[in-house]
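Novice: Once you've had a glance at the structure underneath, I'll fire off some questions.
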Amino acid sequence: MKQLACLGLLIGLLVWLQLDFASLRSKRQEPLRFPSYPPSLALEMMSLGNRELASTLIFYSSQFYFGEKYAWHREAPEYQRLFVALDKATDLDPLNMDCYYFAQGLFSDIAPAIPVLNRLLEKGMRNRKQDWYLPFFISANYYFQLKDPIKAAEYLQRAAELKPDTLLFASLSARLLYQGNQTKAAITYLEAFIKETRNPAIRQKLELRLHALEAIHFLENGIAAFTKKRGRPPDSLNEMVTAGIIKQIPTDPYGGTFFLDETGKVYTSSKLTETWKKHDKRDQDQQSQ
């Protein structure tokens, strides 16, 4: 009888979430919104001992929302609400690896989100001590977003200790301590991440970033070739086209325009990132719970 009551409550929670989605979809003039969840303690009480199942339901609800919002509607998801949901899901079940993997795919290219993302992944490391993915993700976040190669190397070493049979970590470790080839290191990381990614919407998001980095790497190689040929770096990307070094400037898949900054480094007006923004006061309140 108790099991039936637990199952009924959990199914009721799921139905409530789906009705929330349905009511939002019916208002065509309004964007799809992600539902708010009660505090973690309340969720634990509502689960009646079925914390793992409740965590799984929140994870699948988050996946459903992201897939519909990002891949289907082509709209920017409510990233802060998604993070709060995944944080609460891992409060319920700290072993839920799907949540950590999903969070890394969602937030790793949003610089302001990295501190809270790393704290979430640290929670995973404390509870999933044999998973090399978690220190690997934190290492990448420290290196590419926080620009801290020493801290990145520390976490990469932890990942290497958990998975000593891969050459990937040896390759990346060398690049962490040598700052001159960061774009290639990022490409190597994304290729490894995409290879293991099962979620189609997350894979689409990562592949978009990979294509952008490959375009930047192509331009960096062009700059090196131009400098070798002319004895000086180009004044602009168009000068490489005029000189016949490259046929054309590649397109930024994020919709921006590639250019050289005052130091001669390749940048793009899109900044290769999505926005981590507060949608309303409820988001701030949830994150503090």
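The sequence shown: position 204 = 485 (this note's numbering), numbered continuously.
Every residue, glycine too, gets a C-beta built ideally from N, C-alpha and C.
(1) Under 6 Å Cβ to Cβ from serine 550, same chain only, skipping five residues before and after it: list those, please.
(2) Where do the ends of the alpha helix (DSSP H) carrying threonine 549 lie?
(3) In three-state DSSP terms, what is leucine 487?
(4) Would DSSP call phenylalanine 315 helix, strand or coil?
(5) What does DSSP give as the partner residues of leucine 541 in its beta bridges?
(6) So, at 6 Å on beta carbons, what are the nonlocal neighbours of phenylalanine 280 in its own chain, with the 5 sequence-adjacent residues on each side left out?
(7) Counting only the same chain and skipping the five closest in sequence on each side, list residues whose C-beta sits under 6 Å from that of serine 328.
(8) Cutting at 7 Å between CB atoms, please list the residues of its own chain near arginine 439, excluding the five before and the five after it.
(9) Looking only at C-alpha atoms, which of Ala467, Leu402, Asn408, Pro445 sits nearest to lysine 428?
(10) Quick check on DSSP: helix, strand or coil for proline 445?
(11) Among residues of its own chain, excluding the 5 on either side of glutamate 442, which ones have a beta-carbon nearer than 6 Å to its beta-carbon?
(12) Tell me the DSSP secondary structure of glutamine 361 in three-state form.
(13) Quick one: grab the DSSP three-state call for serine 343.
(14) Quick check on DSSP: helix, strand or coil for alanine 433?
(15) Do you know offhand how far lysine 509's Cα is from glutamine 529's?
(16) Would asparagine 408 pass as a contact of asparagine 422 if the rule is Cβ separation under 9 Å?
(17) Buried or exposed: where does glutamine 411 fall if 16 or more other Cβ atoms within 10 Å of its Cβ makes it buried?
(18) Hey, is the stretch 513-521 in contact with the stretch 366-386, meaning 3+ C-beta pairs nearer than 8 Å?
(19) With a threshold of 16 other CB atoms inside 10 Å of the CB of threonine 371, please say whether the residue is buried or exposed.
(20) Among Asp542, Val547, Ile526, which residue has its Cα nearest to the Cα of aspartate 533?
(21) In chain order, what residues of the same chain lie with their CB nearer than 7 Å to the CB of serine 420, ignoring the 5 residues before and after it?
(22) Using a 10 Å radius around the Cβ and a threshold of 16 neighbouring Cβ atoms, would you call aspartate 542 buried or exposed?
(23) How about glutamine 385 and alanine 482: are their beta carbons less than 9 Å apart?
(24) To which residues of the same chain is tyrosine 351 closer than 6 Å at the C-beta, ignoring the five residues directly before and after it?
(25) Whose C-beta lies closer than 7 Å to the C-beta of histidine 498 among residues of the same chain, with five residues either side of it excluded?
(26) Please look up how many angstroms separate the CB atoms of leucine 402 and tyrosine 424, rounded, as I've assumed it's under 8 Å.
Specialist: Let's see:
(1) Along the sequence shown, read from residue 1 onward, the residue named residue 550 stands at position 269. The answer, listed in chain order, is Gly537, Thr538.
(2) For the purposes of this step, residue 549 is taken as residue 268 along the sequence shown, with counting starting at 1. Careful: threonine 549 lies outside any alpha helix (DSSP H), inside the beta strand (DSSP E) at 547-549.
(3) Within the sequence shown, the letter at position 206 stands for residue 487. Helix, per DSSP.
(4) Indexing the sequence shown from 1 puts residue 315 at position 34. The answer is coil: DSSP assigns phenylalanine 315 none of H, G, I, E or B.
(5) In the sequence shown, the residue the question calls residue 541 occupies position 260. Answer is Val547, bridged to leucine 541.
(6) The chain is shown from 282 up to 570; residue 280 falls before or after that span and cannot be answered.
(7) Taking the first residue of the sequence shown as position 1, residue 328 is located at position 47. If we look at serine 328 and ignore the five residues flanking it on each side, its Cβ neighbours are Ala335.
(8) For this step, residue 439 is matched to residue 158 along the sequence shown. Closer than 7 Å at the Cβ level, and outside the excluded window around arginine 439, lie Pro416.
(9) For the purposes of this step, residue 428 is taken as residue 147 along the sequence shown, with counting starting at 1. Ranking the options by Cα distance to lysine 428, first place goes to Ala467.
(10) As a working note, residue 445 is residue 164 in the sequence shown. Coil at proline 445, not helix or strand.
(11) Along the sequence shown, one-based indexing puts residue 442 at 161. Nothing meets the Cβ criterion.
(12) In the sequence shown, residue 361 corresponds to position 80, counting from 1. If DSSP states are grouped into helix, strand and coil, glutamine 361 belongs with the helices.
(13) Reading the sequence shown from its first residue, position 62 is the one you call residue 343. Reduced to three states, the DSSP call for serine 343 is helix.
(14) By one-based count along the sequence shown, residue 433 stands at place 152. Looking at alanine 433 - three-state DSSP - the assignment turns out to be helix.
(15) Along the sequence shown, one-based indexing puts residue 509 at 228. Along the sequence shown, one-based indexing puts residue 529 at 248. In a straight line, the C-alpha of lysine 509 is about 19 Å away from that of glutamine 529.
(16) As a first step, residue 408 must be located in the sequence shown, where it is residue number 127. As a first step, residue 422 must be located in the sequence shown, where it is residue number 141. No; because the gap between Cβ atoms is not below 9 Å, this pair is not in contact.
(17) Mapped onto the sequence shown, residue 411 falls at position 130. The residue is exposed, with fewer than 16 neighbouring Cβ atoms inside 10 Å.
(18) no
(19) By 1-based counting over the sequence shown, the position of residue 371 is 90. Counting Cβ neighbours within 10 Å, threonine 371 comes out buried, since at least 16 surround it.
(20) As a first step, residue 533 is located in the sequence shown; it is residue number 252 there, counting from the start. Among Asp542, Val547, Ile526, the Cα nearest to that of aspartate 533 is on Val547.
(21) For the purposes of this step, residue 420 is taken as residue 139 along the sequence shown, with counting starting at 1. Once the five neighbours on either side are set aside, the close Cβ partners of serine 420 are Ala433, Tyr436, Leu437, Ala440.
(22) Residue 542 sits at position 261 when you count from the first residue of the sequence shown. That one is exposed.
(23) For the purposes of this step, residue 385 is taken as the residue at position 104 of the sequence shown. For the purposes of this step, residue 482 is taken as the residue at position 201 of the sequence shown. Not a contact, by the Cβ cut-off of 9 Å.
(24) Counted from its first residue, the sequence shown places residue 351 at position 70. If we look at tyrosine 351 and ignore the five residues flanking it on each side, its Cβ neighbours are Pro358, Ala482.
(25) Counted from its first residue, the sequence shown places residue 498 at position 217. Result list for histidine 498: Thr464, Lys465, Ile468, in chain order.
(26) Within the sequence shown, the letter at position 121 stands for residue 402. Within the sequence shown, the letter at position 143 stands for residue 424. Their Cβ separation, rounded to whole angstroms, is 14 Å, which puts leucine 402 and tyrosine 424 out of contact at 8 Å.
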